[in-house]
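These protein sequence lines are chains A and B, in that order.
Count along the first sequence starting at 1, add 217, and that's the number in the numbering used here.
Count along the second sequence starting at 1, add 217, and that's the number in the numbering used here.
Ideal placement from N, C-alpha and C gives every residue a C-beta, glycine not left out.
Presented below is the structure to which this report refers.
Protein chains: 2
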Amino acid sequence: MSDSLFNTPLQIINIGIGDFAETLRQQDVPVVEVEWQPPAGGDANLVEILKQTDGSRELAEKIDAANQEAVERILASQPRVVDVAPAAQALGLAGRIILHAGPPISWERMCGPQKRAVLGAIRFEGWAGDNESAEALVESAQVTLSPNHRYRAVGPMTGIISPSMPVLVVQNETFGNYGFSTFNEGRGNTLWFGICDDATLERLRWMRDTLAPAVKAALHHGGPLNVFDIVAQGLQMGDECHARSAASTSLLVKTLMPPMLDAGVSSRTVADIIRFMANNNHFFLNFTMAAVKATMDAANGIPDSTLVTAMSRNGVDFMLRVSGLGDEWVVAPVSPMDEAVYYTGYSVADAAGDIGDSAIIETCGLGGMAIAGAPTIAAFVGGTLADEIAAVEQLRLITVAAHQKFSLPAMNSANTPLGIDLRRVVESRIVPFITTGVLHETSPTVGQIGTGVARVPVALFERALAALAHQWGLATSLPRPESVKLEPVKVASA
Amino acid sequence: MSDSLFNTPLQIINIGIGDFAETLRQQDVPVVEVEWQPPAGGDANLVEILKQTDGSRELAEKIDAANQEAVERILASQPRVVDVAPAAQALGLAGRIILHAGPPISWERMCGPQKRAVLGAIRFEGWAGDNESAEALVESAQVTLSPNHRYRAVGPMTGIISPSMPVLVVQNETFGNYGFSTFNEGRGNTLWFGICDDATLERLRWMRDTLAPAVKAALHHGGPLNVFDIVAQGLQMGDECHARSAASTSLLVKTLMPPMLDAGVSSRTVADIIRFMANNNHFFLNFTMAAVKATMDAANGIPDSTLVTAMSRNGVDFMLRVSGLGDEWVVAPVSPMDEAVYYTGYSVADAAGDIGDSAIIETCGLGGMAIAGAPTIAAFVGGTLADEIAAVEQLRLITVAAHQKFSLPAMNSANTPLGIDLRRVVESRIVPFITTGVLHETSPTVGQIGTGVARVPVALFERALAALAHQWGLATSLPRPESVKLEPVKVASA
Chain A
218 MSDSLFNTPL QIINIGIGDF AETLRQQDVP VVEVEWQPPA GGDANLVEIL
268 KQTDGSRELA EKIDAANQEA VERILASQPR VVDVAPAAQA LGLAGRIILH
318 AGPPISWERM CGPQKRAVLG AIRFEGWAGD NESAEALVES AQVTLSPNHR
368 YRAVGPMTGI ISPSMPVLVV QNETFGNYGF STFNEGRGNT LWFGICDDAT
418 LERLRWMRDT LAPAVKAALH HGGPLNVFDI VAQGLQMGDE CHARSAASTS
468 LLVKTLMPPM LDAGVSSRTV ADIIRFMANN NHFFLNFTMA AVKATMDAAN
518 GIPDSTLVTA MSRNGVDFML RVSGLGDEWV VAPVSPMDEA VYYTGYSVAD
568 AAGDIGDSAI IETCGLGGMA IAGAPTIAAF VGGTLADEIA AVEQLRLITV
618 AAHQKFSLPA MNSANTPLGI DLRRVVESRI VPFITTGVLH ETSPTVGQIG
668 TGVARVPVAL FERALAALAH QWGLATSLPR PESVKLEPVK VASA
Chain B
218 MSDSLFNTPL QIINIGIGDF AETLRQQDVP VVEVEWQPPA GGDANLVEIL
268 KQTDGSRELA EKIDAANQEA VERILASQPR VVDVAPAAQA LGLAGRIILH
318 AGPPISWERM CGPQKRAVLG AIRFEGWAGD NESAEALVES AQVTLSPNHR
368 YRAVGPMTGI ISPSMPVLVV QNETFGNYGF STFNEGRGNT LWFGICDDAT
418 LERLRWMRDT LAPAVKAALH HGGPLNVFDI VAQGLQMGDE CHARSAASTS
468 LLVKTLMPPM LDAGVSSRTV ADIIRFMANN NHFFLNFTMA AVKATMDAAN
518 GIPDSTLVTA MSRNGVDFML RVSGLGDEWV VAPVSPMDEA VYYTGYSVAD
568 AAGDIGDSAI IETCGLGGMA IAGAPTIAAF VGGTLADEIA AVEQLRLITV
618 AAHQKFSLPA MNSANTPLGI DLRRVVESRI VPFITTGVLH ETSPTVGQIG
668 TGVARVPVAL FERALAALAH QWGLATSLPR PESVKLEPVK VASA
């Protein structure tokens, strides 16, 4: 095994002796509990590939060097919000197209909330007046569907982006590349939760006509906004910046409002925007997502790297991007949402599958990787801060570095695990988890029904490793897995 | 010993076996370490009083009931900022008077920073044009000095309040009583740090002429501000609300600005105020102080109660108020600031003594009592979150309750220790500590030179117990200690 596995101090690693771990946990000692399993689940083909890619072999050294390069690019990235613009202009969308979270999917296979959000976006664009005629447009291919990631964009939950929606334009100043996300809609009846009624459309219009120009004016007047500065502070204030962005949203208010006022935005509008942000603790989530997208794209496409650079789900399928595979993503069915904490009256039987582009956050040392930063969501992983700390320590077993800018106050300022190495995941069967919400599959009015963690399917890491094995020319009886090519569309303006 | 000592779960209490504690601490297990000492330091007189006031004796039952009443009043309190007004009007100040933090003190004995702040305030009021003539006014008694607490007010550090300074008017809606504090001046050359130059005066004028009317307008338009709602959220975001109010200040921005804009305050002023608050992480401190003052005053004056209702220092003397002694405060010299973390180039030799009315915060389950809420100040008590948790657990040994509204995310949402019982302090020699700053004694330009904890002198608790013993008519050879009577001045308007 690579030395880099152990580049950060562990507390206690407990393999297969549950009682001892339980005792320690009762005493609030962080415990990393690893149930003993044969490497790679005992799969001889995978074990053989792992042997070739580990230790002091030439290939292993190439991989480690590539992963090091990927980590350095992540740490060197400086994502800043530089502008706000309509998606059509910023992403270069032409014609009637609706973007969505997750891998490409046919209308027939799309999950309930994402379908409902697509129809809502078509009504928002004015291409149809009701859901029936909107659906007819999709079914007759007069509206096309495409993943956000193809356009360097990301959206939370259903993740719908339509051409006239405003997007945050984030530039990675170090490498020049861009990332995009919509504004977060907040609570209640919203597209991101798979609901669209008149209030949803009215809120979307307010975001387009009032919120977006005001934020644009603030950025033009005050200059680019350093997203990771706010994220780093948010981690000191109870956010892990995926399921919880309460503190970072507050920090954004005090950063953004003075230049917005200076730029001449009316008092009434600024007051409304502060109230909107004060009522939406997820407001900063989309800033984080676009910044992480711009960061992780800069670390993608490094030959031989086994680090994960994006994870994305549409409620049905989960796609994973690995740096060494470039724009070839591997795909597998999403995991069931059976670990979530459901609101009263709901259960996994009501749940849409794991959904959203937001899982890219976990590839950058945030969200699940930083869960000990948010003691208020300890229920996600066992109920106590000690459980959260143990979870972070376990994630160190599948990561190769730590994010120097992101630290965890409850772990004496230890930096968060960074750089998911699929070799370690395949070997240990420890998969990353995502801090996320759960949507109702069938109801057009309920929206969110729970929160909790979703596990990334281990099959994705196995497939990515098999694909790399073929790329490296290793002898293996594993077939080259199918993949999805998502070459980003080039945009002149960005 | 009273059962109430153990009304909250302890982790591990370690008496006198340092090695074992060290081992546990290395594993992040919270450890309460109590060096064994004879009760009351072996003082036979104190031991005899404690015997009479403990266990199942009639007096002990009266005390416990009185303490229960005090705790109930604290928990029932609803302090809200209802207005902003000039100190002269709100506090009923007549003529040339300067209020200061801590117990009454003569000009000759006053510490350096407080003297310099008094002179600055005289210049701010326009009663003198320079420090020499200002000092002449004090020395000739043409300006009088008085403690803030006499006027139901509190001020941080030097704590100077002069008649034209605006104060936050906090009303305890449950009991009707009021508490007052100035606005926090922020960093740099400021009266609260014992510095006064032209920039200091200019800032004070801006606070009086621009900040105060704007906050007043926001309160009149938006209604009273619930201080403890923000404090409770701040504790979830890394504040302990004495040495650190960064999160609560951010939360205040998003609460206060919409009504301020709605009230018609100009965009430029609102932008300036947000910038001022964004540059001053202590801005919310004075809100907390005034709210705690209005809360603890409501719990004062309960016959037989041994709970501490205020602590206050002027850099030379420390005064302590106990509910059962009403407006009779006991006084002792302040402790040396030898536990503080000094900025480079400074040491305890440069330090003014422990100073400020802000120590009232610790009587209400905040500050030192909540230190595990602020992992970023772990250096104050040993360097790690585990040290902070151990410190809070130790404070449970001298408190009788927990504050139901204030909880600590790093301690699985345990409530903070509340209700310092002087019997437990005298018996155990464990004294409360205050999270505070340190000022330069002699320099007129340096200001703050460190941060850390200050211990409350144990002599104060001994004196208060002796005073109560005389009040109870117990046979004791201890003399009745001298005390300071600070009957609050009645104010018609508030």
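Asked	Found
Run down chain B in chain order and give the residues with a C-beta less than 7 Å from the C-beta of alanine 449 (chain A).	Correct list: empty, because the minimum Cβ distance to chain B is about 12 Å.
In three-state terms, what does DSSP make of lysine 279 (chain A)?	helix
For glutamate 213 (chain A), I'd like the list of residues in its chain whose CB is within less than 7 Å of its CB, leaving aside the five on either flank, ordered along the chain.	Since the first residue shown for chain A is 218 and the last is 711, residue 213 (chain A) is missing from the structure and cannot be characterised.
Out of B:Leu421, B:Ala261 and B:Leu639, point me to the one whose CA is closest to aspartate 521 (chain B)'s CA.	B:Leu639
For aspartate 544 (chain A), which residues in chain B fall below 9 Å Cβ to Cβ?	Here the premise fails: no neighbours, minimum Cβ distance about 40 Å.
Please determine, among A:Ala596, A:Ser462, A:Met586 and A:Phe597, the residue with the shortest C-alpha to C-alpha distance to isoleucine 615 (chain A).	A:Met586
Decide if proline 320 (chain B) is buried, meaning its Cβ has at least 16 other Cβ atoms within 10 Å, or exposed.	buried
Along chain B, which residues have their Cβ under 7 Å away from the Cβ of serine 484 (chain A)?	Leu478 and Ser484
Alpha carbon to alpha carbon, what distance is there between glycine 312 (chain B) and tryptophan 344 (chain B)?	11 Å
So, with DSSP's three-state summary, where would you put methionine 506 (chain A)?	helix
With 9 Å as the threshold, decide whether the Cβ of threonine 472 (chain A) is near any Cβ in chain B.	yes
Along chain B, which residues have their Cβ under 7 Å away from the Cβ of asparagine 629 (chain A)?	Thr601 and Leu602
How is the alpha helix (DSSP H) around phenylalanine 445 (chain B) delimited, first residue to last?	444 to 452
Can you find a CB in chain A that lies within less than 9 Å of the CB of glutamine 453 (chain B)?	yes
Considering only DSSP beta bridges, list what tyrosine 559 (chain B) is partnered with.	B:Gly667
Does any residue of chain B bring its CB to less than 9 Å from the CB of proline 330 (chain A)?	no
Find the residues of chain A that neighbour proline 592 (chain B), judging by a C-beta separation of less than 7 Å, and give them in chain order.	Pro626 and Ala627
Apart from the five residues on each side of it in sequence, which residues of its chain come closer than 7 Å, Cβ to Cβ, to alanine 449 (chain A)?	Lys622 and Phe623
Could you please give me the residues that DSSP links to phenylalanine 535 (chain A) through a beta bridge?	A:Arg530 and A:Ala549
Looking only at its own chain, which residues have a Cβ that is under 7 Å from the Cβ of alanine 595 (chain B), when we skip the five neighbours before and after it?	Thr601, Leu602, Asp604 and Glu605
So leucine 310 (chain A) packs on isoleucine 377 (chain A), CB below 8 Å; how close in whole Å?	In fact, because the Cβ distance is near 13 Å, the residues do not count as touching under 8 Å.
According to DSSP, is proline 256 (chain B) part of a helix, a strand, or is it coil?	helix
Mind listing, in chain order, the continuous alpha helix (DSSP H) runs of no fewer than 4 residues lying wholly within the region 570 to 599 of chain B?	none
Would you mind sorting aspartate 415 (chain B) into buried or exposed? The rule is 16 or more other CB atoms within 10 Å of its CB.	exposed
Between the alpha carbons of asparagine 365 (chain A) and tryptophan 409 (chain A), how many angstroms are there, rounded?	14 Å
For tryptophan 546 (chain A), does the count of other Cβ atoms within 10 angstroms reach 16, so buried, or fall short, so exposed?	buried
Nearest to glutamate 325 (chain B) by CA position, among B:Ala338, B:Glu352, B:Phe678 and B:Pro303, is which residue?	B:Glu352
What first and last residue would you give for the beta strand (DSSP E) that runs through asparagine 262 (chain A)?	First-last for asparagine 262 (chain A): 261 to 269, but that is the alpha helix (DSSP H), not the beta strand (DSSP E).
So, is threonine 662 (chain A) buried or exposed, given that buried needs 16 or more other C-beta atoms within 10 angstroms?	exposed
Just mark aspartate 426 (chain A) as buried or exposed, buried being the case when its beta carbon has 16 or more other beta carbons within 10 Å.	exposed
Methionine 494 (chain A) touches chain B at which residues, Cβ-Cβ below 9 Å?	Lys471
Enumerate in chain order the residues of its own chain whose CB-to-CB distance from cysteine 581 (chain A) is below 8 Å, with the five nearest sequence positions on each side excluded.	Ile291, Val509, Thr512, Met513, His620 and Leu635
For valine 487 (chain B), which residues in chain A fall below 7 Å Cβ to Cβ?	Leu478
Report the partner residues of proline 634 (chain B) according to the DSSP bridge assignment.	B:Ala619
Just to confirm, is the Cβ distance from alanine 495 (chain B) to valine 470 (chain B) under 9 Å?	yes
I want to know whether the region 559 to 567 of chain B touches the region 386 to 396 of chain B - three or more CB-CB distances under 8 Å.	no
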